[in-house]
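The numbering of the sequence shown is this note's numbering, which starts it at 31 and goes up by one.
Glycine included, C-beta positions come from ideal geometry on N, C-alpha and C.
Predicted model, so just to flag it, every value in this text is computed and none were measured.
For reference, the structure discussed in these notes is given below.
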Amino acid sequence: MYTASHDLRSPLISTRWRLGALIEDLADGDMEQVRGHAAAMDASCDTMARLLNDLLELSRIGRVIAPPEKVSLNELVRGVLDLLTGQISTKNVTVEIAPGLPVLFGDLGRLAEVMQNLVENAIKYMGDQAEPRIEIGARRSGDEVVCYVCDNGIGIDPRYHEKIFDLFDQLDNSSEGTGVGLALVKRIIEVHGGRVWVESEGEGKGSTFYFALPSKHPVKMEAT
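Take a look at the structure:
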């Protein structure tokens with residue numbers, strides 16, 4: 031909660047400071063500065079709104095979830111890629127889908143959120159890779175289905191392999207987003223009785239995000 035309150039407080043502090051400066055510049059008749067402060071305040075309000083919405087969404091998982099069903103991973107992946115066509119084309123990313131993807135068991139909408147977040151994350155942190163590539167696949171391992179999204183992007187220092195799933199944590203503060211995406215992924219997978227992790231040999235060596243789900247297991251729903 032400390033991290034959440036800190037991230038929510040930052041745009042509020044910025045807006046309060048800007049408001050004071052705007053009042054002073056308005057009194058001085060400096061309308062160019064006034065417009066600049068107004069634009070910055072508007073951006074801070076947008077940031078806070080996104081943070082609050084993401085935090086609310088994170089809190090709802092486990093309490094508001096659809097009944098579990100059989101989910102074709104192949105259809106789920108292709109649906110997500112259709113949704114992200116613009117981002118994929120803009121970054122000139124080649125996406126490969128491994129053959130023979132299995133059927134999962136869970137909430138279709140939530141599992142689609144997981145895949146979308148992981149693919150968007152791979153695109154966002156591709157860096158200046160000359161031939162950006164993402165591979166999506168899955169395999170059966172005992173009583174689990176292990177799914178993965180592999181990229182050849184900027185990679186992740188092993189020290190941060192667990193930290194990146196924390197709420198509001200971003201290793202690259204210059205990137206867009208609120209830092210909730212991977213925390214959302216972790217929460218959804220845990221509600222499904224699964225686990226999530228990342229493997230990367232280090233910076234510049236790409237990353238592979240994994241999530242494992244029970245082959246057949248009812249979704250764990252919390253009391254409302």
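Between the CA atoms of residue j and residue i - distance to the nearest angstrom
i    : j    : result
R217 : K121 : 28 Å
Y240 : W47  : 42 Å
M78  : A70  : 12 Å
G136 : E54  : 56 Å
E252 : E143 : The pLDDT assigned to E252 is 39, lower than 50, so where the model puts this residue is not dependable; a value taken from the coordinates is nonetheless given after this. Going from the Cα of E252 to the Cα of E143 covers about 19 Å.
T208 : I194 : The pLDDT assigned to T208 is 43, lower than 50, so where the model puts this residue is not dependable; a value taken from the coordinates is nonetheless given after this. Going from the Cα of T208 to the Cα of I194 covers about 12 Å.
V175 : L111 : 21 Å
T45  : Q146 : 32 Å
L49  : L82  : 21 Å
E105 : E192 : 30 Å
Y190 : G183 : 16 Å
C177 : L243 : 8 Å
L214 : M61  : 42 Å
S171 : V210 : 29 Å
V107 : G59  : 55 Å
D158 : S230 : 18 Å
E99  : I43  : 45 Å
A160 : L86  : 38 Å
Three-state class that DSSP yields for residue i in the structure shown
i    : result
D187 : coil
S74  : helix
G223 : coil
E143 : helix
G136 : strand
K100 : strand
D181 : strand
L49  : helix
L243 : strand
V125 : strand
S205 : Low confidence applies to S205: its pLDDT is 47, below 50, so where it sits in the model is not reliable, and the reading given next is rough at best. Coil at S205, not helix or strand.
V94  : Bear in mind that a pLDDT of 48 at V94, under 50, signals an unreliable position, so the number given afterwards is only what the model happens to contain. Residue state, collapsed to three classes: coil.
V210 : coil
E192 : coil
CB contact flag (residue i, residue j, <8 Å)
i    : j    : result
V101 : V64  : no
G185 : G109 : no
V125 : M156 : no
C180 : G130 : no
A96  : L138 : yes
T281 : V228 : In the structure displayed, the chain extends from 31 to 254; residue 281 sits before or after that span and is not available.
H67  : A57  : no
D173 : S245 : yes
N151 : L212 : yes
Open item on the list: Can you confirm whether the region 221 to 228 touches the region 155 to 171 when touching is taken to mean that 3 or more C-beta pairs between the two stretches lie within less than 8 Å?
Closed with: no
Open item on the list: Quick test of the definition: if touching needs 3 or more C-beta pairs under 8 Å, does the region 69 to 81 touch the region 102 to 122?
Closed with: no
- [ ] Tell me the start and end of each unbroken beta strand (DSSP E) in the region 154 to 180 that is at least 3 residues and wholly inside, in chain order.
- [x] 163 to 171
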